[in-house]
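When the count follows the numbering used here, it moves up by one through the sequence shown with no breaks and lands on 1154 for the last residue.
For glycine and all other residues, C-beta sits at the position ideal for the given N, C-alpha and C.
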Amino acid sequence: MSLQVTVTGKSPSPSSNGAHTTWHDNRSQSTLDSVLSPVPYSTFSTVHKRFMVAIIAFTGIVAPFSSNVFLPALPDIANDMNTTVSTINAAISVFMAAMAIAPLLWGPLGDNFGRRWAFSCGSLICTAASVGCALSPNPSCLIAMRFFQAFGGSVLIAGGAGTICDIYEPAHRGQALGLYFGGQMTGPIFGTILGGYVGQALGWRSIFWMTTILSGISWLLLTFVLPETHRPSVVRKYRIDLQGLSCEEVLRNPPIFTWSLLNPFAVFGTLRRPYVVIPVVEMSLIMASFYSMNTIMTVLLKRDYGYTTATVGLCYIASGAGNVLGAILGGTMADYTLQRHLRKSTQLDTSLPNEKGNRPVEARLPFVLLCSIIFPLGILAYGWFMHFKTPIALALCSQFFVGFATNAIFSVFSTYLVDLFTTNSASITSMANMFRGLYTALWTGIIDSVSRSIGVGWTFTMLSLTCCVGAALGFLLYFKGGSWRQTHGHRA
């Protein structure tokens, strides 16, 4: 693939030169800068951008696909290894925990030294660990291999959003990010569907041979097809200026490895800002509820409905279809509402408030507010439908709306966060992923026990109430986010 360099010229000094991770505000990354600046934001053509988004979206599915791929075969694995389903569930929790923590390492390295080498190393680790899962002789080995599978596969969670931010300016990246995050959320669903059929036809070990093939294909694409998109690296290689990155400045400050780059706590300084905390909290509540719904469904469908492994896999299509629609519509609406705000704006500098209250990035959020109402209603309905063993069509219908709202919320909030911290997009994405991953790991580990203790209906009532709290915080962010950012001196 060849880079399409279109324009060269001088541009303002960068807010980060690529050598050190800094957590000040991206003052050179104003939403209108891409409209006003004669210097290009990216050197890639439109066709190349779409091709790279397709690669990132496909390879980004690998780790999420692997997370739930063996859910329909949980009882089979437990029987084969002479253990309990709860013990094998630990492999899910460990996987989620690793996916939560590992990006904190991959993210800063990719933000400072480039995406491509990290993608190649991570996908190779994931491929090797998938082989280990397929050959595991006991639960302990399976759990350990699942950790390394998640550790390697999570590199795309950290760097995928960064890659899209490298090539798309703020006003046009929402749809691309929606497709990318949609793949992450849809991966577990289609993994479960395929896992059900493959596991029933060929045995549970064949499921992990399938993930080995998928990981291997991803490694080939990321190593030999995807070009380096890291903006300072592109500037350094082709001796050009990009928006917010002066070639002279970047060459004067080459990337230098320091152990501080491995500090996973540097990004946590952003949590002093309420406009960062709220999206992280709401996404964590949403993801934990969504994964809890999918995790418990396998047990309920086999126990209460007598479904086979393959039929259980088919029942995940409803939430998967909702995920796909939510990802596409969420990203599209995020871009549409932001561009509509920019068209109506009479200001050239979006950092200055106007009499109506300035919301340059908060303008992405209206669609989130609607979906934040849909989600808790859907998860509540699902819990009681399954509790009373109603016709499965009712539960699947509620699953569709839950899946739709989940991906729509993720698409918009993720775009919102990377708009705020474009220079460190992989790191901010990794931090958000850590909190939602750890909280989700907790719930997937206890959902079976909690539902047996208080009942499925009351379990999901509790989850629904927590999501209502998240929805209230989302409304607060929409109306107060702009003033909070002004208080912190943060423009976007």
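- Residue state for L797 is assigned as coil, using DSSP reduced to three classes.
- If one requires a minimum length of 4 residues, the alpha helix (DSSP H) runs lying completely within the stretch 1042-1124 are 1054-1082, 1087-1116, in chain order.
- Y1044 sits away from A1055, with the two beta carbons spaced by 8 Å or more.
- In the same chain as W866, and ignoring 5 residues on each side of it, the C-beta atoms closer than 8 Å to its own belong to F732, A735, D738, I739, D742, in chain order.
- Counted as a single uninterrupted DSSP element, the alpha helix (DSSP H) harbouring I979 occupies residues 979-1006.
- Taking I717 as the centre and dropping the five residues before and after it, the same chain places the C-beta of L883, L884, V887, L888 closer than 8 Å to its C-beta, in chain order.
- The bridge partners DSSP lists for L907 are L904.
- Taking all protein chains in view, the Cβ of V938 is crowded by 16 or more other Cβ atoms within 10 Å, so the residue is classified as buried.
- For T971, the enclosing alpha helix (DSSP H) begins and ends at 971-976.
- The count of Cβ pairs closer than 8 Å, one atom from the stretch 844-851 and one from the stretch 761-769, stays below three, leaving the stretches out of contact.
- Taken atom to atom, the span from the alpha-carbon of L1079 to that of S1087 is near 8 Å.
- If you look at N774, you'll find it in the alpha helix (DSSP H) that goes 765-775.
- Annotation for R1026: G836, A996, T999, L1000, V1074, T1077, Y1078 place their beta carbon closer than 7 Å to its own, counting only its chain and skipping 5 residues before and after.
- With a cutoff of 8 Å on beta-carbon distance, A980 and F1062 are scored as near each other.
- Counting other Cβ atoms within 10 Å of its Cβ, V974 reaches 16 or more and is therefore classed as buried.
- Taking the Cα of G988 as reference, the smallest distance to any Cα among Y969, V912, V961, F1072 is reached at F1072.
- Note on R777: 16 or more other CB atoms within 10 angstroms of its CB, so buried under the neighbour-count rule.
- About 6 Å separates the Cβ atoms of N956 and N730, confirming a contact at the 8 Å cut-off.
- According to the DSSP assignment, F952 belongs to the alpha helix (DSSP H) that extends over 936-966.
- With a 10 Å radius around the Cβ and a threshold of 16 neighbouring Cβ atoms, S877 comes out buried.
- Per the C-alpha coordinates, the member of R1098, V1064, T1085, I1090 positioned closest to S1126 is V1064.
- Short of 6 Å from the beta carbon of G858, and not among the five residues preceding or following it, lie these beta carbons of its own chain, in chain order: P734, T971, A972, V974, G975.
- Taking a contact as a CB-CB distance under 8 Å, the pair S954 and R1098 does not count as one, their CB atoms being some 13 Å apart.
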